[in-house]
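Student:
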Amino acid sequence: MSTEEFRSEQKFVTDLYVRLDHLREQAERAVRGALREVGNGAQARLERDVLVAEQSGLLSALNSGESGLCFGRLEFSDGRDHHIGRIGIRKDDAERTPLVLDWRAEVARPFYLATGHHPMGLRRRRHITTEGREVTALHDEILDLTDTERTGHEGADADAVLLAALDAARTGRMHDIVETIQAEQDRIIRSPHRGVLVVEGGPGTGKTAVALHRAAYLLYAYREQLAKRGVLIVGPNPAFLGYIGEVLPALGETGVLLASPGELFPGVRATGTDRPGAAAVKGRAAMADVLARVVADRQTLPETVPAGSGEEADVVPEAALEIDHDDYGTLLLDRTMAHEARDRARSTGLPHNLARPYFAFRIIDALTEQLADRLGADPYGGPNLLGPDDVAQLGKEIATSSEVHAAIDSLWPELTPRALVEDFLADPTHLSEADAELIRRPAGGAWTPADVPLLDEAAELLGFDDTAQRAAEERERLERVAYAQGVLDLSAGSESFEFEDQENEFLAAHDIIDAERMAERHEEADHRSTAERAAADRTWAFGHVIVDEAQELSAMAWRLLMRRCPTRSMTLVGDPAQTGDEAGCGSWQQILAPYVEDRWELVRLGVNYRTPAEIMDVAAAVLRARHPGFEPPRSVRSTGVRPWLLRAAADLAGTVGEAVARHLPADGRLAVIAPRALHERLAQALPGVRPGAEPDLTRTVVLLDPRQAKGLEFDTVVVVEPAELEPSDLYVALTRATQALGIVHTGPLPEGLAEPPA
């Protein structure tokens with residue numbers, strides 16, 4: 140083994156970090172300097188904000204390179220030599236010579252794709268392992284077999300770096316795979332930015348890692364298109380988002396919004412849980428039509444016959460609302476008038492709240508005509524005695540009447556998504572009695588993830604009339620301008636003229652700035668990141684959307700997501716065999732046909748990097764019991780450790796606690812995966828473990844249900860009472876382990892596990 144090679148790489152890495160520190164210091168100075176700048180007018184503030192945003196983004200990227208900045212080296216047969224790292228860094232010279240290439244650059248592709256049969260011009264590929272800023276290992280692969288030069292760091296196993304990463308102890312947080320991306324994964328990561336790409340793969344195939352690295356690649360390759368619109372990544376639950384949360388920052392990307400389906404409606408964080416079957420009802424595509432009918436039901440017609448009796452009542456032609464006007468007595472808003480106004484408002488095709496002014500204007504016009512006919516009637520049968528100006532004045536008085544507006548509100552109220560959905564769930568309509576009973580709940584309950592698509596659908600049906608808000612903002616702006624003008628007038632009035640005969644000219648504030656620009660200087664700038672602004676805006680259109688565990692989402696959830704991405708630029712990641720949610724679509728064709736028909740691409744990952752063959756054989760048997768033709772992904776490694784079975788006699792919790800203590804990994808993480816109903820009992824036997832919706836995955840032992848475990852991985856997994864789990868959920872639970880799997884049960888085992896593993 141050549142110590143010279145070690146010294147050479149260590150010197151390079153040391154010099155690289157010196158350059159990194161220098162660039163980081165420059166970026167920090169630029170941010171501090173820009174924040175100190177006080178420019179005049181909106182343009183100066185905009186330039187300052189752009190500079191701060193750019194330098195802050197650069198600083199975040201530079202900070203991400205602190206760990207594992209350089210991890211590879213490419214030596215080409217033509218003499219070219221490039222180091223590969225998490226981010227690209229250049230020398231401070233006239234040519235801006237690259238010191239280290241970003242892993243996403245096209246020239247870096249041979250690091251992931253080159254083989255002995257197809258070397259892509261390489262003679263040697265080197266993997267560089269570091270701890271902090273110190274080089275700890277080198278692993279060379281010879282790709283040009285005619286080259287006899289050796290370094291002493293060649294490895295007999297070309298997959299040694301990959302296997303070392305797979306065997307490493309878990310930390311409770313997902314790490315990037317930038318050093319070990321495999322060829323099939325690289326092709327998906329760099330797939331062009333257009334249309335819908337579906338990535339299907341079984342447990343352990345790296346679907347999530349591929350999706351996250353694809354997000355990083357797209358932001359690198361298509362930054363101009365995506366920087367302003369942003370990328371949305373949707374994961375199955377908050378625990379999963381916490382698990383993957385450090386991957387993209389480690390790759391230098393912080394402008395991505397991560398959200399679970401229950402967090403996709405601004406201002407709502409769904410923490411409730413639906414009763415069994417309720418989520419399936421709420422998730423049906425037909426719920427869109429149901430909610431549209433619910434909204435239409437709120438656009439009503441008069442039903443109340445006005446008070447009165449005898450001849451007075453007989454003159455009223457139909458049901459009507461009585462409107463008591465302070466100056467003109469009783470006005471009648473009859474059913475014909477309201478029907479015509481409703482038809483006109485609906486004919487606009489606008490959402491409910493945006494169509495409401497058309498309804499109101501027509502009602503006001505009709506009531507004005509009614510009042511004009513009454514007041515201006517010629518007792519001798521001649522033309523109306525009121526002129527156009529008189530009628531216009533009556534219209535103004537009708538339009539400003541609180542009683543008139545109260546009547547309009549009763550027939551076409553302004554609605555909010557929350558109030559509409561809450562009322563609907565309290566008293567479901569347009570559903571079968573069985574379905575209505577499943578989703579019925581008292582008002583005021585916690586929102587559930589299945590409610591969020593209903594809220595979004597309601598918001599789409601209702602719309603938001605921001606006319607009053609925009610008018611208020613304009614009034615505030617004019618007030619600021621008027622105040623600024625007053626300040627400038629005061630400054631001008633206080634000016635001294637004792638030097639007016641002298642040659643020197645003294646400039647005052649009013650000489651260099653006008654009221655508009657002065658008012659602009661006091662407006663608050665929006666310093667939020669793209670992700671922060673997108674999270675607060677329901678109508679935000681993302682440049683790209685990535686969905687993990689996509690097979691779990693309901694038809695209504697897909698309607699929500701498609702609104703977030705009008706361009707249909709999406710990467711969907713999942714495995715139909717792991718569909719566990721009752722509302723899940725499962726079939727890609729079923730999910731996508733309503734939106735893109737057959738214009739989507741499917742790619743499959745067939746290699747299992749996480750789950751050892753011994754565990755995968757057991758998990759596959761569970762699905763084969765119901766689907767004999769099922770073929771699991773091929774595991775790349777074998778540990779020689781078979782899964783174990785343990786029957787609990789009486790004390791299930793005690794037995795689980797003893798098993799956990801006995802099989803706890805020396806350095807790593809253990810997960811107990813059990814039906815939610817058992818969590819309280821089991822937690823009592825697991826010191827320091829607390830059940831909950833958002834478990835701390837960094838703890839040595841965690842307690843989860845199968846839905847919480849989706850997408851996660853642990854060194855050791857103990858599955859409890861497998862017979863009480865649905866087959867798809869059991870399949871998920873059995874495939875979370877990277878090293879060892881145990882099963883604790885009290886009764887008979889489910890089909891596929893009935894025979895003890897050989």
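Residue numbers (my numbering): 140 to 897.
Glycine is no exception: its CB is placed at the ideal position from the N, C-alpha and C atoms.
None of the values given here were measured: they were computed from a predicted structure.
Counting pairs of beta carbons, one from the region 320 to 334 and one from the region 350 to 367, are three or more of them closer than 8 Å?
Tutor: yes
Student: Using only the alpha-carbon positions, how far apart do L617 and A675 sit?
Tutor: The residue given as residue 617 occupies position 478 in the sequence shown. The residue given as residue 675 occupies position 536 in the sequence shown. Each residue's Cα considered, the two are about 27 Å apart.
Student: What first and last residue would you give for the beta strand (DSSP E) that runs through Q878?
Tutor: For the purposes of this step, residue 878 is identified with residue 739 of the sequence shown, where counting begins at 1. Q878 -> beta strand (DSSP E) spans 876 to 884.
Student: Any idea what DSSP makes of D154, helix, strand or coil?
Tutor: On the sequence shown, residue 154 is found 15 positions in, with the first residue counted as 1. If DSSP states are grouped into helix, strand and coil, D154 belongs with the helices.
Student: Identify, in the order they occur along the chain, each residue of the same chain with its Cβ nearer than 8 Å to the Cβ of G768, setting aside the five sequence neighbours on each side.
Tutor: Against the sequence shown, residue 768 aligns to sequence position 629. Excluding positions up to five away in sequence, the list is empty.
Student: For the ligand NAD, is there any heavy atom lying closer than 7 Å to the beta carbon of E167?
Tutor: Absence of the ligand NAD from the depicted structure is noted, as is the absence of any ligand whatsoever, leaving it without description.
Student: The alpha helix (DSSP H) with A558 in it runs from where to where?
Tutor: Here residue 558 corresponds to residue number 419 of the sequence shown, with the count starting at 1. Here the alpha helix (DSSP H) through A558 covers 556 to 565.
Student: Identify every run of the alpha helix (DSSP H) within the region 356 to 404, keeping only runs that are complete inside it and at least 4 residues long; order them along the chain.
Tutor: 362 to 365, 377 to 383, 386 to 389
Student: Taking only three categories from DSSP, how would you classify H278?
Tutor: The residue given as residue 278 occupies position 139 in the sequence shown. It is a strand residue.
Student: I226 and G391: beta carbons closer than 8 Å?
Tutor: On the sequence shown, residue 226 is found 87 positions in, with the first residue counted as 1. On the sequence shown, residue 391 is found 252 positions in, with the first residue counted as 1. Yes; because the gap between Cβ atoms is below 8 Å, this pair is in contact.
Student: Using a threshold of 8 Å, state whether the C-beta atoms of A589 and D413 are closer than that.
Tutor: Here residue 589 corresponds to residue number 450 of the sequence shown, with the count starting at 1. Here residue 413 corresponds to residue number 274 of the sequence shown, with the count starting at 1. It is a contact, given that the beta carbons lie within the stated cut-off.
Student: By alpha-carbon positions, which one of D232, P237, A424, V152 ends up nearest to A732?
Tutor: As a first step, residue 732 must be located in the sequence shown, where it is residue number 593. It is A424.
Student: Which residue marks the beginning of the alpha helix (DSSP H) containing R672, and which one marks its end?
Tutor: The residue given as residue 672 occupies position 533 in the sequence shown. Taken as a continuous stretch (DSSP letters only), the alpha helix (DSSP H) holding R672 covers 669 to 674.
Student: Where do the N-terminal and C-terminal ends of the beta strand (DSSP E) with W739 fall, by residue?
Tutor: Within the sequence shown, residue 739 is the residue found at index 600, counting from 1. Taken as a continuous stretch (DSSP letters only), the beta strand (DSSP E) holding W739 covers 739 to 744.
Student: One question on the structure: do A477 and T487 come within less than 8 Å of each other, judged by their Cβ atoms?
Tutor: As a working mapping, residue 477 is identified with position 338 in the sequence shown. As a working mapping, residue 487 is identified with position 348 in the sequence shown. Going by C-beta atoms, A477 is not nearer than 8 Å to T487.
Student: Distance, Cα to Cα, G449 vs A458?
Tutor: Indexing the sequence shown from 1 puts residue 449 at position 310. Indexing the sequence shown from 1 puts residue 458 at position 319. Any answer about G449 is weak, because its pLDDT of 44 lies below 50 and its placement is not dependable; what the coordinates show is given next. Computed Cα separation, rounded: 16 Å.
Student: At 4 residues or longer, and completely inside the region 799 to 853: list those alpha helix (DSSP H) runs for me, N to C.
Tutor: For the region 799 to 853, whole alpha helix (DSSP H) runs of length 4 or above, ordered along the chain, are 818 to 822, 845 to 848.
Student: Three or more beta-carbon pairs under 8 Å between the region 843 to 850 and the region 364 to 379, yes or no?
Tutor: yes
Student: Suppose you measure from the CA of R248 to the CA of R264; what does that come to, to the nearest Å?
Tutor: Numbered from 1 along the sequence shown, position 109 holds the residue referred to as residue 248. Numbered from 1 along the sequence shown, position 125 holds the residue referred to as residue 264. Rounded to the nearest angstrom, the two C-alpha atoms are 12 Å apart.
Student: Distance, Cα to Cα, P834 vs H266?
Tutor: Locating residue 834 in the sequence shown gives position 695, where the first residue counts as 1. Locating residue 266 in the sequence shown gives position 127, where the first residue counts as 1. If you take the alpha carbons of P834 and H266, they lie about 35 Å apart.
Student: By DSSP, does E478 sit in helix, in strand, or in coil?
Tutor: Counting from one through the sequence shown, the residue named residue 478 turns up at place 339. The sequence shown places His at residue 478, not Glu. DSSP, reduced to helix, strand and coil, places H478 within a helical segment of the structure shown.
Student: With a floor of 4 residues, list each alpha helix (DSSP H) that falls wholly inside the region 491 to 528, ordered by position along the chain.
Tutor: 491 to 514
Student: Starting from A409, trace the alpha helix (DSSP H) in both directions and tell me its first and last residue.
Tutor: For the purposes of this step, residue 409 is taken as the residue at position 270 of the sequence shown. From DSSP, A409 is part of no alpha helix (DSSP H); its letter is neither H nor E.
Student: Give the secondary structure of A575 by DSSP, where H, G and I count as helix, E and B as strand, and everything else as coil.
Tutor: Within the sequence shown, the letter at position 436 stands for residue 575. A575: helix per DSSP, three-state reduction.
Student: According to DSSP, is H221 helix, strand or coil?
Tutor: The residue labelled residue 221 in the question sits at position 82 within the sequence shown. DSSP, read as helix, strand or coil, puts H221 in strand.
Student: What does S774 pair with, by DSSP beta-bridge criteria?
Tutor: Within the sequence shown, numbered from 1, the residue matching residue 774 stands at position 635. Partner(s): N747.
Student: Alpha carbon to alpha carbon, how far is E576 from G345? Give it in angstroms, no decimals.
Tutor: Numbered from 1 along the sequence shown, position 206 holds the residue referred to as residue 345. Numbered from 1 along the sequence shown, position 437 holds the residue referred to as residue 576. Rounded to whole angstroms, G345 to E576 spans 41 Å at the Cα level.
Student: What is the residue span of the alpha helix (DSSP H) that F250 lies within?
Tutor: To locate residue 250, count along the sequence shown from 1; it is residue 111. Note, F250: alpha helix (DSSP H), 249 to 252.
Student: Output the boundary residues of the beta strand (DSSP E) element that contains G416.
Tutor: Taking the sequence shown and counting its residues from 1, one reaches residue 416 at position 277. According to the DSSP assignment, G416 belongs to no beta strand (DSSP E), since it is labelled neither H nor E.
Student: Measure the alpha-carbon distance for L594 versus A322 and round it to whole angstroms.
Tutor: If you number the sequence shown from 1, residue 594 lands on position 455. If you number the sequence shown from 1, residue 322 lands on position 183. Near 42 Å, if we compare the C-alpha coordinates of A322 and L594.
Student: By how many angstroms is the C-alpha of G779 removed from the C-alpha of T710?
Tutor: Reading the sequence shown from its first residue, position 571 is the one you call residue 710. Reading the sequence shown from its first residue, position 640 is the one you call residue 779. Cα to Cα, T710 sits roughly 36 Å from G779.
Student: Per DSSP, which one or two residues make a beta bridge with R229?
Tutor: As a first step, residue 229 is located in the sequence shown; it is residue number 90 there, counting from the start. DSSP lists P237 as partners of R229.
Student: Just verifying my parser: in three-state terms, what is the DSSP assignment at Q149?
Tutor: Along the sequence shown, read from residue 1 onward, the residue named residue 149 stands at position 10. The DSSP-derived three-state label of Q149 is helix.
Student: Would you give the residue range spanned by the alpha helix (DSSP H) that V761 belongs to?
Tutor: Here residue 761 refers to the residue found at position 622 when the sequence shown is read from its first residue. 752 to 763 is the extent of the alpha helix (DSSP H) around V761.
Student: Alpha carbon to alpha carbon, how far is V455 from A696?
Tutor: Reading the sequence shown from its first residue, position 316 is the one you call residue 455. Reading the sequence shown from its first residue, position 557 is the one you call residue 696. Its pLDDT being 47, under 50, V455 is placed unreliably in this model, and the value from its coordinates should be taken loosely. Approximately 49 Å between the Cα atoms of the pair.
Student: Pull up the distance between the alpha-carbon of E143 and that of A787, whole angstroms please.
Tutor: As a working note, residue 143 is residue 4 in the sequence shown. As a working note, residue 787 is residue 648 in the sequence shown. Distance between the alpha carbons of E143 and A787: 59 Å.
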